[in-house]
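Note that the sequence shown covers residues 1 to 451 in full-length UniProt numbering.
Structure first, then comments.
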Amino acid sequence: MTSRIQAEAGAAGGPVIDRASPTDRAFLAMDSAKAPEHFGVILLFGATDGFDLARALRLLAERAAAIPRLRQLLVRTPPGCGGPIWVDDEASEVADRLHTTRCPEPGDERALLDLAQSLIGTPLPRTGPRWTAVFVTGLADGGVALVIVLHHVLADGVGGLAILAGLVDPGAPTPPVPFPRPRPAAGQLAADALRARIRALRRAGPALRSLRASMTAAGGVHPPRAASCSLLRPAGGRSRLAVVRFPAAALRAAAHRYDATVNDALLVAVAAALNRALLEDGESLDSVAIGVPVSGHETGEAARGNMVSPLLVSVPVAGDTADRLRRTAAAVRAHKSSAQGPPPIALLGWAFRPLAALGAYHWYMNHQHRLHTLVSHVRGPGEQITFGGRPVRSAIPIGVSSDSNITVYFEVFTYAGTVTITVIADPHRFPDPDALTHALREELDRIAGAV
Numbered sequence: 001m002t003s004r005i006q007a008e009a010g011a012a013g014g015p016v017i018d019r020a021s022p023t024d025r026a027f028l029a030m031d032s033a034k035a036p037e038h039f040g041v042i043l044l045f046g047a048t049d050g051f052d053l054a055r056a057l058r059l060l061a062e063r064a065a066a067i068p069r070l071r072q073l074l075v076r077t078p079p080g081c082g083g084p085i086w087v088d089d090e091a092s093e094v095a096d097r098l099h100t101t102r103c104p105e106p107g108d109e110r111a112l113l114d115l116a117q118s119l120i121g122t123p124l125p126r127t128g129p130r131w132t133a134v135f136v137t138g139l140a141d142g143g144v145a146l147v148i149v150l151h152h153v154l155a156d157g158v159g160g161l162a163i164l165a166g167l168v169d170p171g172a173p174t175p176p177v178p179f180p181r182p183r184p185a186a187g188q189l190a191a192d193a194l195r196a197r198i199r200a201l202r203r204a205g206p207a208l209r210s211l212r213a214s215m216t217a218a219g220g221v222h223p224p225r226a227a228s229c230s231l232l233r234p235a236g237g238r239s240r241l242a243v244v245r246f247p248a249a250a251l252r253a254a255a256h257r258y259d260a261t262v263n264d265a266l267l268v269a270v271a272a273a274l275n276r277a278l279l280e281d282g283e284s285l286d287s288v289a290i291g292v293p294v295s296g297h298e299t300g301e302a303a304r305g306n307m308v309s310p311l312l313v314s315v316p317v318a319g320d321t322a323d324r325l326r327r328t329a330a331a332v333r334a335h336k337s338s339a340q341g342p343p344p345i346a347l348l349g350w351a352f353r354p355l356a357a358l359g360a361y362h363w364y365m366n367h368q369h370r371l372h373t374l375v376s377h378v379r380g381p382g383e384q385i386t387f388g389g390r391p392v393r394s395a396i397p398i399g400v401s402s403d404s405n406i407t408v409y410f411e412v413f414t415y416a417g418t419v420t421i422t423v424i425a426d427p428h429r430f431p432d433p434d435a436l437t438h439a440l441r442e443e444l445d446r447i448a449g450a451v
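Here is the structure:
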């Protein structure tokens with residue numbers, strides 16, 4: 001009933017109660033100046049003679065203004081009125097989030113990646129919408145890049161993809177309601193909060209079952225201890241990025257031959273590449289424990305808020321490629337459905353958020369032995385997209401260095417027939433990230449060659 005009333009109010013331009021989800025609030029609790037909860041993408045345009053930066057900025061500002069979440073911020077509610085709500089921010093301009101800069105010499109991909117890492121690692125102002133976009137000129141190939149950075153409180157990977165779709169051609173449709181929307185009154189918030197508490201009590205049983213399932217998918221309360229190795233040690237500073245590109249069709253064909261998915265093949269390649277890096281230092285593993293974020297959004301659903309849960313997969317590194325693919329695919333299938341509900345950090349938010357505020361979360365992440373690395377895969381458009389009529393020839397996912405003992409993790413974006421894997425590595429553990437990308441590329445070739 002509440003959602004229907006809110007929908008009618010929104011259509012009429014009246015007050016709408018848009019609560020931050022428990023997962024949104026968990027990401028805020030995990031945020032820190034050392035490791036802000038940011039993610040983003042680099043869009044690369046080809047050689048762009050006559051690229052009109054002023055026009056591009058105007059076009060981006062117009063499209064960002066049509067995406068409600070990019071013009072909103074979270075505010076606390078009065079006592080007894082429930083959790084924070086999203087409200088329209090009339091005090092700041094979209095143009096304030098847009099910038100231009102020149103890539104440092106020599107303007108190659110390494111220089112661009114270092115610049116993007118600096119941008120994504122810089123905390124976004126808390127006084128307005130938590131995002132930014134920067135056009136980068138001065139690339140060695142004559143091209144221009146657009147670096148988009150979002151705070152995770154705005155969206156998860158699927159939600160970020162929906163935001164990206166509204167920024168590129170043809171842009172998002174004009175919202176049907178005026179800006180800014182009026183804010184709900186305290187009485188409305190209190191009544192909504194009371195209804196939410198009643199619903200929570202009625203759903204206590206299903207919530208406990210969801211918690212049990214999501215904890216199982218994440219390895220359980222007492223997961224098998226990830227083998228100690230040099231992959232697990234406190235990160236030493238700002239990470240470095242390195243990129244691997246691979247044809248999506250080749251990887252898909254190889255994976256499907258063994259009843260696996262592209263994501264399964266990526267896990268197998270990452271595990272083998274990391275073990276090769278360990279072997280060079282006189283270490284080895286039988287399996288690599290990998291955390292995989294799983295989206296809880298329904299297919300075709302308008303992505304709103306964070307709905308991502310962790311899945312823990314033990315990926316073998318011994319045996320032939322076909323066997324490792326089959327075993328990894330079976331492990332993912334066995335638990336993926338359990339990871340598609342609310343994550344533990346949301347279901348236990350009442351305890352997680354105050355503990356995180358006291359530093360317990362970051363202490364745990366610097367001492368954890370649940371997983372060796374993370375692999376996050378977002379599937380983007382299958383065809384090339386454009387911005388202002390100019391094709392985006394490549395899209396590179398980017399992430400921020402983590403405040404944890406995980407020294408390397410992987411952001412993956414499949415776009416226009418190419419799987420782009422960004423390695424985010426601690427420079428103390430991996431002083432030459434290109435060596436790791438070389439090993440990863442060889443493992444992908446090995447998998448594709450298995451066909």
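Ideal placement from N, C-alpha and C gives every residue a C-beta, glycine not left out.
Chain-order list of residues whose beta-carbon lies under 6 Å from that of residue i (same chain, five-residue window excluded)
{"i": "residue 303", "result": "Since pLDDT at residue 303 reaches only 47, below the 50 mark, its modelled position is unreliable, and no value is offered."}
{"i": "residue 78", "result": "186"}
{"i": "residue 295", "result": "158, 308"}
{"i": "residue 231", "result": "372, 407"}
{"i": "residue 111", "result": "103, 104"}
Supposed contact pair residue j and residue i - C-beta distance, whole angstroms, cut 8 Å
{"i": "residue 102", "j": "residue 143", "result": "About 13 Å; that fails the 8 Å criterion."}
{"i": "residue 404", "j": "residue 217", "result": "That pair is no contact at about 20 Å."}
{"i": "residue 20", "j": "residue 273", "result": "Contact doesn't hold; Cβ gap of about 37 Å is too wide."}
{"i": "residue 313", "j": "residue 290", "result": "5 Å"}
{"i": "residue 306", "j": "residue 27", "result": "6 Å"}
{"i": "residue 133", "j": "residue 60", "result": "6 Å"}
{"i": "residue 124", "j": "residue 36", "result": "7 Å"}
{"i": "residue 462", "j": "residue 252", "result": "The chain is shown only over 1 to 451; residue 462 falls outside these bounds and no answer can be derived."}
{"i": "residue 90", "j": "residue 178", "result": "Not confirmed; about 11 Å, so no contact."}
Contact check, residue i vs residue j, beta carbons under 8 Å
{"i": "residue 213", "j": "residue 14", "result": "no"}
{"i": "residue 392", "j": "residue 385", "result": "yes"}
{"i": "residue 407", "j": "residue 235", "result": "yes"}
{"i": "residue 222", "j": "residue 38", "result": "no"}
{"i": "residue 71", "j": "residue 52", "result": "no"}
{"i": "residue 262", "j": "residue 419", "result": "yes"}
{"i": "residue 104", "j": "residue 140", "result": "no"}
{"i": "residue 131", "j": "residue 97", "result": "yes"}
{"i": "residue 45", "j": "residue 333", "result": "no"}
{"i": "residue 249", "j": "residue 380", "result": "no"}
{"i": "residue 369", "j": "residue 225", "result": "yes"}
{"i": "residue 260", "j": "residue 325", "result": "yes"}
{"i": "residue 193", "j": "residue 82", "result": "yes"}
{"i": "residue 153", "j": "residue 40", "result": "no"}
{"i": "residue 427", "j": "residue 240", "result": "yes"}
{"i": "residue 129", "j": "residue 73", "result": "yes"}
With 16 other Cβ atoms within 10 Å as the buried cut-off, status of residue i
{"i": "residue 444", "result": "buried"}
{"i": "residue 414", "result": "buried"}
{"i": "residue 43", "result": "buried"}
{"i": "residue 228", "result": "exposed"}
{"i": "residue 75", "result": "exposed"}
{"i": "residue 279", "result": "exposed"}
{"i": "residue 452", "result": "In this structure the chain extends from 1 to 451, so residue 452 is not present and cannot be described."}
{"i": "residue 363", "result": "exposed"}
{"i": "residue 429", "result": "buried"}
{"i": "residue 198", "result": "exposed"}
{"i": "residue 343", "result": "buried"}
{"i": "residue 277", "result": "buried"}
{"i": "residue 127", "result": "exposed"}
{"i": "residue 109", "result": "buried"}
{"i": "residue 452", "result": "As shown, the chain starts at 1 and ends at 451. That puts residue 452 outside it, with no answer to give."}
{"i": "residue 349", "result": "buried"}
{"i": "residue 256", "result": "exposed"}
{"i": "residue 118", "result": "exposed"}
{"i": "residue 209", "result": "exposed"}
Same chain, Cβ closer than 8 Å to residue i, five either side skipped, listed in chain order
{"i": "residue 49", "result": "142"}
{"i": "residue 275", "result": "284, 285, 288, 317"}
{"i": "residue 47", "result": "141, 142, 143"}
{"i": "residue 66", "result": "166, 171, 172, 173, 174, 175"}
{"i": "residue 267", "result": "290, 292, 313, 315, 328, 332, 375"}
Sheet register partners of residue i (DSSP bridge)
{"i": "residue 409", "result": "424"}
{"i": "residue 316", "result": "287"}
{"i": "residue 187", "result": "Paired residues: none, contrary to the question."}
{"i": "residue 395", "result": "43"}
{"i": "residue 243", "result": "422"}
{"i": "residue 72", "result": "88"}
7 Å Cβ shell around residue i - same chain, five flanking residues per side excluded
{"i": "residue 411", "result": "376, 397, 398, 399, 422, 424"}
{"i": "residue 18", "result": "85, 86"}
{"i": "residue 4", "result": "The pLDDT assigned to residue 4 is 39, lower than 50, so where the model puts this residue is not dependable, and the model offers no usable value."}
{"i": "residue 446", "result": "321"}
{"i": "residue 95", "result": "61"}
{"i": "residue 356", "result": "29, 30"}
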